[in-house]
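Since the structure comes first, as structure tokens, the remarks are kept for the end.
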Amino acid sequence: MAEPTWTVVVPVKRLPGAKSRLRGALPAVPHEELALALAADTVRAVLACPAVAEILVVTDDARAAAELAAAGARIVPDAPDAGLNAAFRHGAAAAGRHARVAGLTADLPALRPAELAAALSAVPAGPPGVRRFVADAPGGGTVLLAAPAGVPLEPRFGVGSAAAHAASGALPLAGDWPSLRRDVDTADDLAAAARLGLGPRTAALLGAGAAAAPA
Ligand SMILES: Nc1nc2c(ncn2[C@@H]2O[C@H](COP(=O)(O)OP(=O)(O)OP(=O)(O)O)[C@@H](O)[C@H]2O)c(=O)[nH]1
Ligand SMILES: C=C(OP(=O)(O)O)C(=O)O
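Heads up, the final residue of the sequence shown is numbered 243 in this note's numbering, and it's a clean run with no missing numbers.
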């Protein structure tokens with residue numbers, strides 16, 4: 029059984045500008061509803077993960093902040109307002125020096141708490157203090173970056189981030205965690221996530237045709 033030792037930092041962009049590659053994927057659904065649903069299902073799964081002590085959502089979006097705080101997240105204003113890596117660093121700083129911090133993207137609507145727990149449990153607790161990352165399903169991006177206590181997160185998310193994290197000394201975690209690796213950037217990604225089983229907020233938007241994840 030995983031111990032609740034991790035602080036997970038999840039950045040959420042202001043909804044009107046978020047998930048721009050997904051705009052129009054569900055023509056009947058306002059885009060901001062979809063972006064918020066992806067984040068809400070991600071946060072819900074993190075909160076249900078037995079390895080997680082606290083979730084910090086870094087956002088300046090008032091609507092996302094209200095909903096995710098009500099769900100149980102601690103909201104950290106995106107004071108740097110300088111993109112996702114600055115938001116990750118800011119959240120990690122708010123977590124404190126003694127926390128084990130993991131950064132997670134907010135676009136994982138199929139995430140299963142047990143897969144997140146398995147990935148976090150695969151991070152060695154002791155020396156030498158190397159950061160670990162989980163690449164996304166295509167392999168080029170990153171969904172999770174974890175640092176041992178006292179080690180800076182040093183996030184390098186963005187295009188080609190898996191290679192950037194490796195080049196910065198982080199090691200990949202190799203587990204078979206399909207729901208963790210399934211980030212949603214495009215309509216095809218959303219269909220792939222639906223095949224895995226979506227969380228309830230995103231499933232409701234897709235309608236009765238989408239498979240809901242088991243509780
Ligand atoms: N707080 C904060 N979060 C961000 C920022 N930029 C991206 N994010 C979040 O970082 C994560 C990964 O970002 P992307 O997958 O590139 O998401 P995106 O920028 O919303 O999507 P696109 O517009 O399609 O590039 C998502 O959880 C975003 O909400 C930012 O400037 N501030
Ligand atoms: C943020 C990332 O990319 P994407 O926008 O493709 O999810 C990443 O993989 O680091």
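The beta carbon of each residue, even a glycine, is placed where N, CA and C say it ideally should be.
Closest option to Pro176, judged by alpha-carbon separation, among Ala63, Leu112, Asp164 and Gly131: Gly131. The alpha helix (DSSP H) runs lying completely inside the region 48-87 and spanning 4 residues or more are 59-75, given in chain order.
In the displayed model, Leu218 falls within a helix according to three-state DSSP. Excluding residues up to 5 positions away in sequence, His118 lie with their Cβ nearer than 7 Å to the Cβ of Ala107 in the same chain. The beta carbon of Gly197 is closer than 8 Å to those of Val158 and Arg159 in its chain, skipping five residues each way along the sequence.
Bridge partners of Phe161 according to DSSP: Leu173 and Pro200. Between the alpha carbons of Arg210 and Val71 lies a gap of roughly 15 Å. Excluding sequence positions up to five before and after Asp69, its CB lies within less than 6 Å of the CB of Pro137, Gly227, Arg229 and Thr230, all in the same chain and listed in chain order. Just so you know, the alpha carbons of Ser149 and Val187 end up roughly 27 Å apart.
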